[in-house]
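Numbering (my numbering), first residue to last: 100 to 423. Ideal placement from N, C-alpha and C gives every residue a C-beta, glycine not left out.
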Ligand code: AMP
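Quick look at the structure:
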């Protein structure tokens, strides 16, 4: 076990009111056994670090429902394609640690090494990968799974490994990643994992922008217009809720209009970055099948992905449901 900046013992870390940090799975398992001995309900919040208030909201929610909350920080290679931002992904352990201390809600941090998580190694090239992987068929290759066909297999695999280490009673995920919630809920159900899955509403800035670790890639100019995706999907949601629109094309019309308008404004202002819509999607909340017609009171996810410059942003709003 290690503390953020030295190898202080677990006892020292807790005596200071700090959080024990485990980079060894074996050491973590010893800590976990003690929680069982003390009959503690253990909550778990998996993250890739670069923590923001959205992550901290998950930790605080978990603490309300559990005795001891474990946060993992692991940038998972298996969910990145070779052309994606694995190397650039922000790694900010010292500020992450301070943020978790400030919540007063985190009992332990799991900081596993890639070499322990993937004992035979992990190539980003899927054809070179060896070993065991988990895939949730039927839910992983639409929406985010179209541009990122490797993604949910990587997520399901790492979350399974983390569950096997942490053995949580409850696990907490953000609705910001709506499809991830649906995939993991199905995984927990299908693999008969004794874990209660909870999804927590998306934490947003005052202007509606969903908090994301990747927002730090945006220049102030980009950040200003980056609310366009949220504004777009919110306008479509209004079409459903206020105007009772059920036809897909009609529902999505205002979203496309807002995106086109902002693109034009950027061109007119001569901004030196592009905005490119990746997709907009309206799916049933359980099957994740695209809907041509939304049934009356049918639970659905209205989502999208957009490039602002080279940064890819995702967002969603829920229709006729609060929980994923
Ligand atoms: P990440 O570090 O991006 O893998 O995210 C870790 C967890 O935090 C996932 O369950 C995310 O869905 C969740 N999360 C990320 N951003 C937000 C947000 N803005 N609001 C709520 N949860 C979030």
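What span of residues does the beta strand (DSSP E) with residue i cover, start to end?
{"i": "residue 414", "result": "410-418"}
{"i": "residue 181", "result": "Note, residue 181: premise wrong, no beta strand (DSSP E); not H, not E."}
{"i": "residue 222", "result": "Note, residue 222: premise wrong, no beta strand (DSSP E); not H, not E."}
{"i": "residue 400", "result": "399-407"}
{"i": "residue 209", "result": "207-209"}
{"i": "residue 168", "result": "167-172"}
{"i": "residue 189", "result": "That residue, residue 189, is in no beta strand (DSSP E); it is neither H nor E in DSSP."}
{"i": "residue 50", "result": "As displayed, the chain neither begins before 100 nor continues past 423, which places residue 50 out of reach and without an answer."}
{"i": "residue 472", "result": "With the chain covering 100 to 423 only, the question about residue 472 has no answer from this structure."}
Along the chain, where does the alpha helix (DSSP H) that runs through residue i open and close?
{"i": "residue 161", "result": "152-164"}
{"i": "residue 296", "result": "Element bounds for residue 296: not the alpha helix (DSSP H) but the beta strand (DSSP E), 295-299."}
{"i": "residue 199", "result": "192-202"}
{"i": "residue 388", "result": "Looking at the DSSP string, residue 388 is not in any alpha helix (DSSP H), and its letter there is neither H nor E."}
{"i": "residue 361", "result": "347-367"}
{"i": "residue 326", "result": "Looking at the DSSP string, residue 326 is not in any alpha helix (DSSP H), and its letter there is neither H nor E."}
{"i": "residue 124", "result": "124-136"}
{"i": "residue 213", "result": "213-216"}
Nearest by alpha-carbon distance to residue i: which of the options is it?
{"i": "residue 414", "options": "336, 196, 132, 226", "result": "336"}
{"i": "residue 393", "options": "349, 214, 411", "result": "349"}
{"i": "residue 129", "options": "209, 270, 416, 295", "result": "209"}
{"i": "residue 307", "options": "138, 153, 146", "result": "153"}
{"i": "residue 346", "options": "316, 378, 382, 331", "result": "382"}
{"i": "residue 142", "options": "233, 259, 125, 164", "result": "164"}
{"i": "residue 271", "options": "145, 278, 314", "result": "145"}
{"i": "residue 121", "options": "257, 192, 185", "result": "192"}
{"i": "residue 403", "options": "127, 277, 311, 360", "result": "277"}
{"i": "residue 251", "options": "328, 284, 313", "result": "284"}
{"i": "residue 343", "options": "279, 358, 419, 266", "result": "419"}
{"i": "residue 321", "options": "361, 340, 286, 339", "result": "361"}
{"i": "residue 231", "options": "265, 309, 177", "result": "177"}
{"i": "residue 184", "options": "215, 223, 166, 150", "result": "223"}
{"i": "residue 368", "options": "166, 233, 324", "result": "324"}
{"i": "residue 365", "options": "408, 200, 266, 195", "result": "408"}
{"i": "residue 182", "options": "292, 371, 249", "result": "249"}
{"i": "residue 253", "options": "229, 268, 155, 374", "result": "229"}
{"i": "residue 338", "options": "378, 200, 282, 416", "result": "416"}
{"i": "residue 315", "options": "371, 149, 119", "result": "149"}
{"i": "residue 357", "options": "405, 388, 132", "result": "405"}
{"i": "residue 151", "options": "161, 377, 197, 235", "result": "197"}
{"i": "residue 118", "options": "157, 195, 190, 156", "result": "195"}
{"i": "residue 331", "options": "317, 351, 313, 319", "result": "351"}
Would you say residue i touches the ligand NAP, meaning its beta carbon is less than 7 Å from a heavy atom?
{"i": "residue 272", "result": "For the structure depicted, the ligand NAP is absent and the ligand set comprises only the ligand AMP."}
Whole-angstrom Cβ separation of residue i and residue j, contact assumed at under 8 Å?
{"i": "residue 412", "j": "residue 311", "result": "7 Å"}
{"i": "residue 188", "j": "residue 147", "result": "7 Å"}
{"i": "residue 123", "j": "residue 261", "result": "Contact flag wrong, Cβ pair sits at about 15 Å."}
{"i": "residue 387", "j": "residue 238", "result": "5 Å"}
{"i": "residue 206", "j": "residue 258", "result": "Not quite, the Cβ-Cβ distance comes to about 20 Å (not below 8 Å), so this is no contact."}
{"i": "residue 242", "j": "residue 380", "result": "5 Å"}
{"i": "residue 156", "j": "residue 302", "result": "5 Å"}
Completely contained beta strand (DSSP E) runs for the region 246-305, where each covers 3 or more residues: DSSP runs (the beta strand (DSSP E)) wholly in the region 246-305: 269-273, 295-299.
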